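Engineer:
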Amino acid sequence: MKKIRKMLPVVLAATYLLLLHFLMGLRSEHVALIGFILGCYYAHPRSRQFALDFLPAALFGVIYDFLRILPKSWAGSIHVVWPYQLEKILFGFYHQGTKIIPCEFFQNHHYPFVDFVTGATYSLHVVVPLAFALLIWFKKRDLAQQFLWAFFLVNIFAFITYVVLPVAPPWYVQQYGLTPGHWSIPPSAAGLIRFDQLIGTPYFQNVYAKNAWVFGAIPSMHGGFPWLVILFAHQIFSKRAMIPFYLFMALVWFSAVYLGHHYIIDLIAGGIYSAITVIIIRYCCGFSIRARSSLAP
Numbered sequence: 008m009k010k011i012r013k014m015l016p017v018v019l020a021a022t023y024l025l026l027l028h029f030l031m032g033l034r035s036e037h038v039a040l041i042g043f044i045l046g047c048y049y050a051h052p053r054s055r056q057f058a059l060d061f062l063p064a065a066l067f068g069v070i071y072d073f074l075r076i077l078p079k080s081w082a083g084s085i086h087v088v089w090p091y092q093l094e095k096i097l098f099g100f101y102h103q104g105t106k107i108i109p110c111e112f113f114q115n116h117h118y119p120f121v122d123f124v125t126g127a128t129y130s131l132h133v134v135v136p137l138a139f140a141l142l143i144w145f146k147k148r149d150l151a152q153q154f155l156w157a158f159f160l161v162n163i164f165a166f167i168t169y170v171v172l173p174v175a176p177p178w179y180v181q182q183y184g185l186t187p188g189h190w191s192i193p194p195s196a197a198g199l200i201r202f203d204q205l206i207g208t209p210y211f212q213n214v215y216a217k218n219a220w221v222f223g224a225i226p227s228m229h230g231g232f233p234w235l236v237i238l239f240a241h242q243i244f245s246k247r248a249m250i251p252f253y254l255f256m257a258l259v260w261f262s263a264v265y266l267g268h269h270y271i272i273d274l275i276a277g278g279i280y281s282a283i284t285v286i287i288i289r290y291c292c293g294f295s296i297r298a299r300s301s302l303a304p
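8 is the number of the first residue of the sequence shown in this note's numbering; add one for each residue after it.
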């Protein structure tokens, strides 16, 4: 029995890779992820703890990947008009006699330095939460576990919303107008193409070519992840130490709008999803995110 338990992760990993091979095609990142997890699991008791504690992050990637093979007939109608109109009502402003939204303004007002900064920032929206989890894992493992399950749960809520309520991003309206959305529309890197041009390689074009769900603008996890980090970081960092967290969130939110990937309402929705998830984790699942000690002096 002990030998079977020891080999169970390998069996599960092999089964997962076989499923991927037959359902969507095996990619190098799949093999790399599984190899990393198994390596951590078997290398040392401490690294095994790491592999088990960070399992929610791996599950997030697995479930997101499977969105690409979900039958689009299961999805709700694609919403294009009302998100644009709501954005214009709440955040529209007059420019040269015409009422426009921030995304439309930045479509014609962009600058190389800002393109570079926003592109670099936008690429960190998953990296920063996982880095935060790793940081607190060494100091307060229980809090890191709670954060990682909150990270997983908020993504599950988001994925369900993407399927039930598909919403077109701003770049869709910029390219196709307010015409009805269709699942044959290819994903787009939008303003991030300018970042690719600056660095001389199609990094974001390649990333977005693998986008699992084109019409998943609401809620924006670019808006939700930084806020989720802040809600947990407040429990362990001083007010002064929180400044970089807020600056990062502001920069990510600005980048999302500047690059044409999200409306402001998308970002607010992401923040609301994160707040609700923390409430569920704290009060409904028996977890408490109150730290017993601070990481800050």
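Backbone N, C-alpha and C define an ideal beta-carbon position, used for all residues, glycine too.
Please read all numbers here as calculations on a predicted model, not as lab measurements.
Smallest Cα separation from Tyr-215: which of Pro-233, Asp-203 and Ser-35?
Structural biologist: Asp-203
Engineer: If you follow the alpha helix (DSSP H) that Thr-128 is part of, which residue opens it and which one closes it?
Structural biologist: If you look at Thr-128, you'll find it in the alpha helix (DSSP H) that goes 119-129.
Engineer: Per DSSP, which residues does Thr-105 bridge with? Please list them.
Structural biologist: His-102
Engineer: Grab me the residues of Phe-123's own chain with a C-beta within less than 7 Å of its C-beta, minus the 5 sequence neighbours each way, in chain order.
Structural biologist: Phe-202 and Leu-205
Engineer: Just list the residues that DSSP pairs Gly-184 with in beta bridges.
Structural biologist: Per DSSP, none; premise fails for Gly-184.
Engineer: Thinking just about the alpha-carbon of each residue, which of Ala-127, His-37 and Ile-96 is nearest to the one in Phe-211?
Structural biologist: Ala-127
Engineer: Where does the unbroken alpha helix (DSSP H) through His-37 begin, and where does it stop?
Structural biologist: 35-50
Engineer: Going by the CB atoms, is the gap between Val-221 and Pro-194 shorter than 9 Å?
Structural biologist: yes
Engineer: Mind checking whether His-229 and His-132 have CB atoms under 9 Å apart?
Structural biologist: yes
Engineer: Within the same chain, show all residues whose beta-carbon is closer than 8 Å to that of Met-14, passing over the 5 residues directly before and after it, in chain order.
Structural biologist: none
Engineer: Excluding the five sequence neighbours on either side, which residues of its own chain have a C-beta within less than 6 Å of the C-beta of Trp-144, listed in chain order?
Structural biologist: So the list reads Ala-151, once near-sequence residues are dropped.
Engineer: Out of Gly-198, Val-170 and Thr-168, state which residue places its alpha-carbon closest to the alpha-carbon of Gln-182.
Structural biologist: Gly-198
Engineer: Can you tell me which of the three DSSP states Val-133 falls into?
Structural biologist: The three-state secondary structure of Val-133, taken from DSSP, is coil.
Engineer: Going by C-alpha distance, which of Leu-33, Ala-240, Leu-26 and Tyr-270 is nearest Ala-140?
Structural biologist: Ala-240
Engineer: So the candidates are Thr-125, Ile-272, Ala-282 and Ile-167; which of them puts its Cα closest to the Cα of Trp-81?
Structural biologist: Ile-167
Engineer: Output the boundary residues of the alpha helix (DSSP H) element that contains Arg-247.
Structural biologist: Run containing Arg-247: none; DSSP gives neither H nor E here.
Engineer: Does chain D have any CB closer than 9 Å to the CB of Ala-276?
Structural biologist: The structure shown has no chain D; it contains just one protein chain.
Engineer: What number of angstroms, rounded off, separates the C-alpha of Ala-20 from the C-alpha of Leu-59?
Structural biologist: Computed Cα separation, rounded: 14 Å.
Engineer: Give the straight-line distance between the Cα atoms of Ala-224 and Pro-90, rounded to the nearest whole angstrom.
Structural biologist: 10 Å
Engineer: Please classify His-241: does DSSP put it in a helix, a strand, or coil?
Structural biologist: coil
Engineer: Going by DSSP in three states, Gly-267 sits in which element: helix, strand or coil?
Structural biologist: Coil at Gly-267, not helix or strand.
Engineer: Counting along the chain, where does the alpha helix (DSSP H) carrying Leu-205 start and finish?
Structural biologist: 199-206
Engineer: Which class does Gly-223 belong to by DSSP, given the choice of helix, strand or coil?
Structural biologist: strand
Engineer: Report all residues from its chain with a CB closer than 7 Å to the CB of Leu-26; omit the five preceding and five following residues, and keep chain order.
Structural biologist: none
Engineer: Could you say if the segment 253-272 and the segment 102-112 meet the contact criterion of at least three C-beta pairs nearer than 8 Å?
Structural biologist: yes
Engineer: I'd like the span of the alpha helix (DSSP H) that includes Pro-63, first residue to last.
Structural biologist: 62-73
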